[in-house]
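*Asks:*
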Amino acid sequence: MKLTSSLAAALFTLFAFSTAHAATIDFEGMAGGTVLPSGFSIGDATFLSPAELLVTDIGTGNALCGAADGSCMGAMALSFETGARMLRFTFSGDVDSTTQYIFDINATVVFQGEVVELHQTGIAFANGIPLDEQLVQFENPNVTIMSIGIHSLDDTAFVIDNISYLPGVTAPVPEPSSWAMLMAGLGVSGMVLRRRSRRAAAV
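According to mature numbering (1 follows the signal peptide of the UniProt record, and there is no 0), the sequence shown holds residues -22 to -1, 1 to 181 in order.
#1: Quick check: the Cα distance between A41 and L96, rounded to an integer number of angstroms?
#2: Per DSSP, what kind of secondary structure is D22 in: helix, strand or coil?
#3: So, using beta-carbon positions, are G127 and D72 closer together than 8 angstroms?
#4: By how many angstroms is the C-alpha of G37 removed from the C-alpha of A149?
#5: Following the continuous beta strand (DSSP E) through A62, name the residue where it begins and the one where it ends.
#6: Quick one: measure Cβ to Cβ for V88 and N120, integer angstroms, because I've assumed they're closer than 8 angstroms.
#7: Where DSSP assigns a beta bridge to A41, which residues make up the other side?
#8: Grab me the residues of G11's own chain with a C-beta within less than 6 angstroms of its C-beta, minus the 5 sequence neighbours each way, in chain order.
#9: What residue from G48, G61, D4, R66 has the CA that sits closest to Q112's CA?
#10: Let me know the secondary structure DSSP gives G146 once reduced to three states.
#11: Just the C-alpha distance for A(-1) and G21, rounded to the nearest angstrom, thanks.
#12: Could you confirm whether any beta carbon from chain B is found closer than 8 angstroms to the beta carbon of L32?
#13: Around the Cβ of V13, are there at least 16 other Cβ atoms within 10 angstroms (buried) or fewer (exposed)?
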């Protein structure tokens, strides 16, 4: 019982530590009007666009848009070197009732011990919903996001800001035989410790 409680506490501590140490990106340290080339990186996150990107002042601070001419109507994508286990950002866009913004996610999914690639999952984010700094979050313990693309179906402007993500784990997923060996090893270790405890108690 004590071992189970200790294990649960350790797992909770590990999760809390990881969440608290999410990488964050905002654009407050850059001047409004700064033009950035497609492919620029911050940490292990890379920003892509068909053209240049623009840091723009939206009144409450700076944000990033996918068109250097200030129209902010270009598509953009964000990719992660090691993937992201959680991704959160603020999203601002047009409030036109006919506008739909699409998030295309390229991710890997752990399914029965195998890693499966998931491509082009289109999500219609909004249709007539006011989009003033809406919080968007993608999180699933079995999914690692490799990249996310954002565009509008009708070339409507949008910006993103306050990006937070948990870097992915690059270690390979153990095969079932590896798990079996690990469990057997733990079982043998437990047996040895129990024998030592009995000997110590007998003496």
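Even glycine gets a Cβ: it sits at the ideal position worked out from N, Cα and C. Computed from a prediction, not measured in an experiment: that's the story for all the values here.
*Replies:* A quick look at the data gives this:
#1: As a first step, residue 41 is located in the sequence shown; it is residue number 63 there, counting from the start. As a first step, residue 96 is located in the sequence shown; it is residue number 118 there, counting from the start. Using only the alpha carbons, I get a separation of about 29 angstroms.
#2: Along the sequence shown, read from residue 1 onward, the residue named residue 22 stands at position 44. It is coil, neither helix nor strand.
#3: Taking the first residue of the sequence shown as 1, we reach residue 127 at position 149. Taking the first residue of the sequence shown as 1, we reach residue 72 at position 94. The answer is no: Cβ separation not under 8 angstroms.
#4: Within the sequence shown, residue 149 is the residue found at index 171, counting from 1. Within the sequence shown, residue 37 is the residue found at index 59, counting from 1. In this predicted model, A149 has a pLDDT of only 45, less than 50, meaning its place in the structure is not dependable enough to derive any value.
#5: As a working note, residue 62 is residue 84 in the sequence shown. Note, A62: beta strand (DSSP E), 54 to 71.
#6: On the sequence shown, position 110 is the one that residue 88 refers to. On the sequence shown, position 142 is the one that residue 120 refers to. Rounded, the Cβ-Cβ distance is 5 angstroms, consistent with contact.
#7: Start at 1 with the first residue of the sequence shown, and residue 41 comes out as number 63. According to DSSP, which records beta bridges pairwise, A41 is partnered with T34.
#8: Working through the sequence shown from its first residue, we reach residue 11 at position 33. For G11, where only same-chain residues beyond five positions count, there are no Cβ hits under 6 angstroms.
#9: The residue labelled residue 112 in the question sits at position 134 within the sequence shown. Here the closest residue by C-alpha is R66.
#10: If you number the sequence shown from 1, residue 146 lands on position 168. Here DSSP, grouped into helix, strand and coil, assigns G146 to coil.
#11: Reading the sequence shown from its first residue, position 22 is the one you call residue -1. Reading the sequence shown from its first residue, position 43 is the one you call residue 21. Distance from the CA of A(-1) to the CA of G21, rounded to the nearest whole angstrom, comes to 12 angstroms.
#12: The structure shown contains no chain B; it holds only a single protein chain.
#13: Residue numbering aside, residue 13 sits at position 35 when the sequence shown is read from its first letter. When all chains shown are included, V13 counts as exposed.
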